[in-house]
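So the sequence lines, in the order shown, correspond to chains A and B. Going by this note's numbering, the letters in the first sequence line up with residues 1 to 500, in that order. Going by this note's numbering, the letters in the second sequence line up with residues 501 to 1000, in that order. First comes the structure, then the notes that go with it.
There are 2 protein chains.
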Amino acid sequence: MNKSYQSLLEFSRDLYALRSAVGVLSWDQETMMPAKGGEGRARSMASLSRVMHQRFSEPRLLEALEACASGEGLSEEERVVVREMRRDRDKAVKVPEALAAEIAETVSLSQRVWAEARPKNDTAAFNPWLAKVVSLRRREAECLGYAETPYDALLDNYEPGARTSYLRKLLNDLKAELVPLLGKLMDAQGKAASPLDGKSFPVADQRLFNMKILKAMGFDLEAGRLDESAHPFTEGLHPEDVRLTTRYSETDLMSALFSTLHEGGHGIYEQGFQPRWFGTPMAEAVSLGVHESQSRLWENQVGRSRDFWSCYYPSLQGMFPKQLGEVDLGAFLKAINRVQPSLIRVEADEVTYNLHIVLRFELETALFGGELEPAGLEAAWNEGMRRNLGVAPEKPSMGYMQDVHWSCGLLGYFPTYTLGNLRAAQLFDAAQRAMPSLKSDIRSGSFGALKAWLNAEVHQSGRCYDGDTLMEKVTGSKTSAAPFLGYLKEKYGALYGIGL
Amino acid sequence: MNKSYQSLLEFSRDLYALRSAVGVLSWDQETMMPAKGGEGRARSMASLSRVMHQRFSEPRLLEALEACASGEGLSEEERVVVREMRRDRDKAVKVPEALAAEIAETVSLSQRVWAEARPKNDTAAFNPWLAKVVSLRRREAECLGYAETPYDALLDNYEPGARTSYLRKLLNDLKAELVPLLGKLMDAQGKAASPLDGKSFPVADQRLFNMKILKAMGFDLEAGRLDESAHPFTEGLHPEDVRLTTRYSETDLMSALFSTLHEGGHGIYEQGFQPRWFGTPMAEAVSLGVHESQSRLWENQVGRSRDFWSCYYPSLQGMFPKQLGEVDLGAFLKAINRVQPSLIRVEADEVTYNLHIVLRFELETALFGGELEPAGLEAAWNEGMRRNLGVAPEKPSMGYMQDVHWSCGLLGYFPTYTLGNLRAAQLFDAAQRAMPSLKSDIRSGSFGALKAWLNAEVHQSGRCYDGDTLMEKVTGSKTSAAPFLGYLKEKYGALYGIGL
C-alpha cells in the first residue's frame, strides 16, 4: 500500500481515537459527572481541544495529504478518506489556535451563564455573552471563508456545502405550505382532551418498555448503552460503543418513548459503518442533516405510525392496563399525533416543528448579520411566534432562551433539523418503493429489513457523498419538501378522514 | 510571579487535565463501557499515552524546569512542584516512546489473555505473555536506572525511593512475627461457624447502608460517586470528581461494606488536597503505600473496630432484622474479624493478608531476576502458600493467576499493600495520641475530627515528602511494623480475652 496513504490512515485513526476520548468526557459530563466536577472537566476538554488542533497543524499531515492528492493508486473509498481529511485539516488550521481556544473557553462559560440566567429570565446577564459568542463566530467565519455570505461558513460546519440562500428558499416555501395546513388540522381535530393527560406511568415500567423497543429496532446493546439525562442525546464514541440517553417523566409516557426512538435512530447510524473503515471519514456521518433524517425516520415515520402501534399498542396497554385499558388504538394515535401550536420546539408535533425552525433561522441570520442585536431578540421572537404559530411566550425562558444552541454559539445548526425532517420522509418513501413489504413488516414488529436497507443505502457510504448527492443517489432526487408534505397530508387525512 | 515557574504551572495543569481524561476513560471502561467497546477504547488509551509522552518530551518543559532549578524566588511548595515535575519528566523521557508504546500495547493484550485464560486455568496461554511482560519491564528498568538492583526501578514507580533490600527485611521480619501469631489465634478462636454464613442480604438494602456509611465518613458525594464494578477501585479524576466502586454480593454482607470503607478512604485522600494546588504535584498522592494507608485505616482501624460497630450495628440489625436480630455485637465482631488462612488475597483477614504479600514479593523478585520462569510459578506458589499459610490451591486460577497485577506487568506494586497496612496502624496510633476523644467520637459515629486530622497531616502536603519522611513527620518514626503488630495483639487479645 501507498506509504503516504498508510501514514494518513494512521493519522486518521489517531485523531479518531482522540475525538472518541473527547466523546467519553462529554457523555460522562451529561450523565455521570458529579455536581462539582465541571471545572476540572472544562480543563480536560480544553487540553484535548489543543491537542487536536496541534495534530491538524503537524507538517507531516499536510505532506501526506499532498502526496496522496493525485489519488494515484488509491481506490474510490481511499480517495474519499484523503478528500475528507483534507477538508477537516484545512478547516481546522484556518482558525488560529488562539481563536479556537478563545471560542472553546467563551462558549463553555456562556453556556453556564445561560443555564443560570434562563430560569430567572435574566436577559441582562445573558445578552452580553450572546453578543460575545456571535462576534467570535463572525471572526471564525472570516477565517474559514465562504461562498456567498459569512453564515455559509457556519452552515458548512454542520451541513457541508449548504448555502444560506438555498435554505432560506426551502424554509420559506415550507412555511407557505405549513401555515394553511396547520389551520385545516386545527379545525379538523377540534378541542377534545387527550386520553393520556392526567395519568401516571411508573418510570420502572417505562424503562422496560423503552428497552424492548430499542432492542426491536436493532440497536446493538453490546455495542452501546441507553442512559438518562436532562436533554436526550446520542454520543457515538466508536461504532462499537454508542451511547444514547432518554428522559423519563411519570406524567408523560410518550416523551421517553419518542426520545428513545429518536436517539435509537441516531444510534443505528453510528453503529452502521463498515468495520474496515473504522477510524476514517468513510466511517463517519455525512452531516447533521443526514443524521437527523435517521432519528426522525424512526421517531416519526415508524414510531408515530398506525402500523407500528398496531403491533406495539397491545403490549403497551398490557403494561399499563389501568391507564390505557379503556383507550383504543384510534384514540391513542390521535393523542400522540395531536397538532398544537406551542412554545417549546422539542415538544412540537410534526406539523408545527418546522415553523419553530423557520423562526430560529430568520432570527439567527439577522443576529449574525448584525441587523438584530440581542436586546431586540425578545420582541422579534414574540412577534415571529405570533406570525408563524399564533402563540407567544410570556417569558424569555419559554422564548428565545429556551434552547442551549445560541448560548454555545451553535449558529447554523437549527436548519439541519428541518433538513432531517424532510429527508426522513423522502428516505422512507424510497424505502417503501424498494421494499413493498415494509409496512407489513412494521405491523409485525420486524425492523430487520428497514435497518439493513438504511445500513446499505445511507450508513455504509460514510462521508462519500454530501447530503444532497446522497439523497439523489438513494431517492432519485435532491432534498425536497414534497415527500414530507405528502406524508403529512396522507397521514392526517387518514387520521381525521378528510381530504388535505 | 517568576515567568518560567508560571509556564511550568500551566504545563502541569495541562498534563493533569490530560491525565484526568485518561482517568475518565479508564473508569468508564470498568463501569459503563459496553462489551464490544474494548478495541476502540484501547486505541484511545494508546493515543492519549502518546500525547502524554510527547508533552513530557517538549523542550520548553525542560527549559522551564532548568530555569526554576535554583528555586530562587519560589516558596517551599513551589519548589516541591518544580522538584516533582522534574522527577516525572525525567522518568517519562528515560523510557523511549517506542518502548512505552510497546509496553502499553502488550500489557493491554496480556491482560485480555489473562482474563480469558484464568477461568480455564490455561497456563500455557498465559505464561508466554507473562514472560513477555516481565522482559519488557526489565528493559524499562534499565532505561529508568536504579540504586541497587533493577527491581528498585519498578518499586520507585509506586513508592518513590523505596529499595528492594529494605522491603525484603521489612517483609521477612513481619512474617517472622505473623506466623506464630496466626497459630495462636487459630487455637484461640476454635472452629465455630460464622453467624453470617448461609444468610441472604438483599442488595437494594445493602446499597442504602453503604451510602449511609460513605456519607458518614465525610466523602463528598457532590464531588464524587459510588458505582459498582467487578473489582472495587478508586479513580481520582480531579479532587472535585472522585469515582469509587464497590461490589455487592447477596450472600456476603461484609464484602461491599469493607470495599466501600476501603475505597472511601482512598476517596477522602483524593478529595483532600488544597484547592490552590489543584493540577500540580502539591495536590497529588505521595505514593501507593501512603494511599493504601488511608484506605486501610478506614477499612480496618475504623471499620473492623468494636467502637465503630457499637454505633452502627444497631442500624445494620434494624435493616436486616431477620438475618441479624439474634446475632449480638460480640458474635458479629468475632465473625467479621475471623482469622482464616485462605487462598485469595482480597478476601484475607488482617493477620494473613500480609503473608500473601510476602509470597508475591518473593516470587515476583525471583521472576524479575530470572531465577524463576513462568513455567515454575505454579509449583513455587503452592509450596510458598503451604509454607506461609498452610494451604495451597488446586488450580492456578486460585493461585498465581488470581490477581490481575502480573498480567499487566504491575511488578513492584504488591509490596505497597503491606506498606499501607503498616502505615494505617501507625497513623491511627498517632491520631489517637493527637485526639484523645477519637475512639469515643467513632463510638458516636462522628468522623469529622479524624477526617480533618488526615486532611491536615497527610493529604494537604501533596507530594511534599516521600512516604517515610511523611511518616516520621506525622508519627515520629519511619514506617514500622511495631504499631501494626501491637494493634493486632491488642485487638485479638481483647476479642478472645487472651494475652498475645
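Even glycine gets a Cβ: it sits at the ideal position worked out from N, Cα and C.
Within the model, the alpha-carbon separation for residue 944 of chain B versus residue 808 of chain B is close to 8 Å. Contact between residue 984 of chain B and residue 925 of chain B holds, with the beta-carbon distance rounding to 4 Å and staying under 8 Å. Per the DSSP secondary-structure output, residue 749 of chain B pairs in a beta bridge with B:752. Cβ neighbours of residue 797 of chain B within its own chain (closer than 7 Å, five residues either side excluded): 765, 924, 927, 928. Taken through DSSP and simplified to helix, strand or coil, residue 722 of chain B comes out as coil. Listed in chain order, the beta strand (DSSP E) runs fully inside the stretch 114-187 of chain A amount to none, counting runs of at least 3 residues. With respect to the 8 Å criterion, residue 627 of chain B and residue 875 of chain B are classified as neighbours on the basis of their beta carbons. Interface with chain B (8 Å Cβ-Cβ cutoff): residue 112 of chain A is excluded. In the three-state scheme derived from DSSP, where H, G and I count as helix and E and B as strand, residue 870 of chain B is classed as coil. The beta carbon of residue 238 of chain A sits closer than 6 Å to those of 20, all from its chain and outside the five residues before and after it, given in chain order. When DSSP states are grouped into helix, strand and coil, residue 742 of chain B belongs to the strand group. Residue contact with chain A for residue 772 of chain B: absent (no Cβ-Cβ distance below 8 Å to any residue of chain A).
At least one C-beta of chain A is nearer than 8 Å to the C-beta of residue 525 of chain B. Taking all protein chains shown into account, residue 687 of chain B has fewer than 16 neighbouring C-beta atoms within 10 Å of its C-beta and is therefore exposed.
Chain A has a Cβ within less than 8 Å of the Cβ of residue 539 of chain B. For residue 39 of chain A, the enclosing alpha helix (DSSP H) begins and ends at 38-57. At least one CB atom of chain A sits nearer than 8 Å to the CB of residue 513 of chain B. Restricting attention to A:139, A:82, A:240, A:459, the CA atom closest to the CA of residue 294 of chain A is found in A:459.
Annotation for residue 992 of chain B: 685, 1000 place their beta carbon closer than 7 Å to its own, counting only its chain and skipping 5 residues before and after. DSSP places residue 809 of chain B inside the alpha helix (DSSP H), whose first and last residues are 806-819.
DSSP places residue 380 of chain A inside the alpha helix (DSSP H), whose first and last residues are 377-389.
For residue 962 of chain B, no chain A residue has a C-beta closer than 8 Å to its own C-beta; the minimum C-beta separation is roughly 16 Å. Selection B:539, B:894, B:952 evaluated against residue 717 of chain B yields B:952 as nearest (Cα-Cα). Residue burial is scored here from C-beta neighbours: residue 896 of chain B has at least 16 other C-beta atoms within 10 angstroms and is therefore classed as buried. Residues of the stretch 217-243 of chain A with a Cβ closer than 9 Å to any Cβ of chain B, in chain order: 220, 221, 222, 223, 224, 225, 227, 237, 238, 239, 240, 241, 242, 243. In terms of beta-carbon proximity, residue 17 of chain A lines the interface with chain B, with at least one pair separated by less than 8 Å. For residue 285 of chain A, no alpha helix (DSSP H) segment is defined, and its DSSP state is neither H nor E. Chain order gives no chain B residues near residue 338 of chain A, where near means a beta carbon separation below 7 Å; the closest approach is about 36 Å. With a contact defined as Cβ atoms closer than 8 Å, residue 919 of chain B and residue 792 of chain B qualify at about 7 Å. Of the other Cβ atoms in all chains shown, fewer than 16 fall within 10 Å of the Cβ of residue 231 of chain A; this residue is therefore exposed.
For residue 727 of chain B, DSSP records a beta bridge to B:745. None of the residues of the stretch 117-147 of chain A has a beta carbon lying less than 9 Å from any beta carbon of chain B. In this structure, residue 633 of chain B and residue 607 of chain B form a Cβ contact; the two beta carbons are roughly 6 Å apart against a cut-off of 8 Å. Every alpha helix (DSSP H) of 4 residues or more that sits fully in the stretch 417-448 of chain A is shown, in chain order, as 438-443. For residue 735 of chain B, the secondary structure class from DSSP, reduced to helix, strand or coil, is strand. For the C-beta of residue 536 of chain B, the chain A residues within less than 8 Å are, from N- to C-terminus, 220, 222, 223, 240, 241.
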